[in-house]
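Each residue of the sequence shown is one higher than the last, beginning at -12 in my numbering.
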Amino acid sequence: MVRARDAQDTWGHTPLAERVKCLLGAAREMLQRRQEVMQLVEQEIGKVHAEALFTEALGPLDAVKGWASVLRPALARRKVRLNPLGFPGKRAQVEAVPRGVIAIIAPWNFPVAGLYRSVFPALMSGNAIVLKPSEYSPRSSGWFAELLAAHLPAGLVQVAHGDGAVGAALLEARPDACVFTGSPATGRKVSIRCAELGIPCSAEMGGKDPAIVLADCDLERTVAGITHWALCNAGQACGAIEIAYVERSIADAFVARMAEVWKELRAGTDVAPLANARQLAVVREHIDDALARGATAVSGGAPLGQGLGFAPTLLDRCDDTMSVVRDETFGPVLAVVRVEGPAEAIRAANQLRYGLGASIWTADLARGQRLAERLDYGVVSVNNHSFTGAVPSLPWSGTRATGFGVANSALALSTFVRPRAVVVDRRKDLELYWMPYDETLVELGDVLADLQQNRLGRAWKLPGLIRRRMRALRAFFRRRRSGEVG
Ligand code: NAD
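Structure follows, in structure tokens:
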């Protein structure tokens, strides 16, 4: 923490263009050395090759450029006009001041690309960081941090490896802000401790994204899209589709086509194994619970061999008594809930515990957009799902148990910078409202109140009152100077 603080002192005063240049250099090198990081995430958390490339290795340069575009206007000094009648001779501006050292506590599911949206804006806006990667992905996140550090002043990027105890200890070292991404249970602990210590904290927690499938949807695209967003990263994404609310009239066709497609997917090439035994246990528990409560397994339902592989599992006829509908599964499982129509689907979706992403699948885009406005979620898509998690210009956030943190876009910057208003007064004369007070000032206040309400009755008195008040003030201070008062 001390080393990070020392390094931040200078970095915080380095022009944005230079900071961006350093990060561009790091991002270029990351992209060139992408095979290394792909290998690490494949070994460490079992990503399939294509996902290691597309979700972890391809993005750093675009992310740095995107963040630079967000930050240039957002961090620029901004002049603010003050009413010249109320505040004559005054000039004001607002500047964004880096908070100092940002603690970044991260999960394992996107151990490299998941860091862009906190690490890049934190550094670019003039902070140092202490990164606490997940204990399940230390080498992938460590690779990212090491490479970044090599392009930045010494000490600016620190890494604290270890489990939850290390994360908890990091907060006790009093960083100036904290970005937490992870489960609601941990997020709650981190948010409470940060509040106790007075550390601003942005907490982004889980998701249980629903897809609403309307009868008029393009079935092929809908099946393909929901398949992708349910099974990408073996469903271990906060923005994975975990529930499909399907209009009853097309439910049979939807389920049948999904089952056909899922049969063709290849374990290890299309669908990754689970990342760890903890996830495997949750997935099994949710499936067992759903089957015991009357769901039917249309496909999958069991592990693949002895390892962490799990067959993509499509569960039909699910309902909200089941943990597969209520709680985050974070696995290759899709629960189908049959509904009468969009009203029922929206009501059910808005009652889910989480509120990160949702989508509507329909051929009628205008209707889809109208329905999107009724979904109480942070990211709502029509005919696609949650593909903007790494887009710096669009906010990524949620409601309910997902938390109140905002990632991406200028709306996320309050975690990294605080505003400083600087006001300069060019006036040499005294101010009307300064002490000592007298009756002229009180009368002046009444006339000003009338004027604010467009009552012009006593307006004619204003110049005279101002002159009288200023004369009295000047006389008071002249007398003070010559020792006549007090
Ligand atoms: P987790 O909560 O178990 O761990 C997250 C991080 O917190 C880890 O680095 C862990 O070591 C640390 N930690 C644990 N206890 C701590 C404590 N007491 N104090 C400080 N730090 C502590 O989560 P996970 O299993 O790594 O990640 C999966 C979860 O992350 C899922 O719920 C997923 O939805 C969520 N997630 C959310 C988003 C989002 O944008 N909303 C993105 C990715 C992942």
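Note that CB positions come from ideal geometry on N, CA and C, so glycine has one too.
Apart from the five residues just before and just after residue i, which ones in its own chain have a Cβ nearer than 6 Å to its Cβ?
i	result
V367	A345, A359
L139	C9
A90	V117, L157, P162, C165
V409	Q80
V393	P382, S384, A399
A282	L302, R304, C305
Taking a contact to mean a Cβ-Cβ separation below 7 Å, would you say residue i touches residue j in this structure?
i	j	result
R126	L27	yes
A61	A377	no
K119	G154	yes
M192	G390	yes
E272	K195	no
C204	W348	yes
L302	A284	yes
V88	R(-8)	yes
R468	V84	no
L134	A13	yes
P98	S124	yes
G226	S373	yes
A4	M25	no
G499	A152	In the structure as shown, the chain starts at -12 and stops at 473, and residue 499 therefore has no counterpart that could be examined.
Just to confirm the assignment, what range does the alpha helix (DSSP H) spanning residue i have?
i	result
K52	47 to 62
P120	Element bounds for P120: n/a, residue is neither H nor E.
P450	449 to 468
E430	426 to 439
E31	21 to 32
R(-8)	-11 to -2
S178	171 to 184
E159	151 to 159
E272	264 to 279
S401	That residue, S401, is in no alpha helix (DSSP H); it is neither H nor E in DSSP.
Who are the Cβ neighbours of residue i in its own chain at under 7 Å, not counting the five residues just before and after it?
i	result
E234	V200, L201, A202, V326, G328
R474	The structure shown does not extend to residue 474, since the chain is modelled only from -12 to 473, so the question has no answer here.
T300	I274, A284, S286, G287, G288, P319, V320
F317	G222, Q223, Q266, V269
D412	G76, K77
A488	Lying before the first or after the last residue shown, residue 488 is absent from the chain, which here runs from -12 to 473.
P47	A14, M17, L18, Y103
Measuring only from the beta carbon, is residue i closer than 6 Å to any heavy atom that is part of the ligand NAD?
i	result
K176	yes
P125	no
E183	no
E508	One cannot answer for residue 508 here, as it falls past the ends of the chain, which runs -12 to 473.
I92	yes
W95	yes
T168	yes
C188	no
E474	In the structure displayed, the chain extends from -12 to 473; residue 474 sits before or after that span and is not available.
S105	no
A155	yes
Can you find a CB in chain B that lies within less than 7 Å of the CB of residue i?
i	result
G194	Here chain B cannot be found, since the structure has a single protein chain.
In the DSSP assignment, find the beta strand (DSSP E) that holds residue i and state where it starts and stops.
i	result
Q145	144 to 146
W348	344 to 348
R405	404 to 412
A90	88 to 92
T283	283 to 286
Return the chain-ordered list of same chain residues with a C-beta closer than 8 Å to the C-beta of residue i, the five sequence neighbours on each side being excluded.
i	result
E29	V35, H36, A39
V248	V210, A211, T214
A136	L143, V144
G33	A221, A259, P260, L261, A262, L295
F241	V200, L206, T209, V210, A231, V233, V323
M457	D416, L417, L419
T308	R280
L431	L419, L449, L452, I453, R456
Buried or exposed for residue i, please, with buried defined as at least 16 other CB atoms from any protein chain shown within 10 angstroms of its CB.
i	result
D150	exposed
R357	exposed
P379	buried
P171	buried
V106	buried
H0	exposed
N441	exposed
N70	exposed
R465	exposed
V(-11)	exposed
T544	The structure shown does not extend to residue 544, since the chain is modelled only from -12 to 473, so the question has no answer here.
W421	exposed
P94	buried
I179	exposed
R407	exposed
S121	buried
With hydrogens ignored, establish whether the beta-carbon of residue i is closer than 6 Å to any heavy atom of the ligand GTP.
i	result
D150	Inclusion of the ligand GTP in the displayed structure is not the case, the ligand content consisting of the ligand NAD alone.
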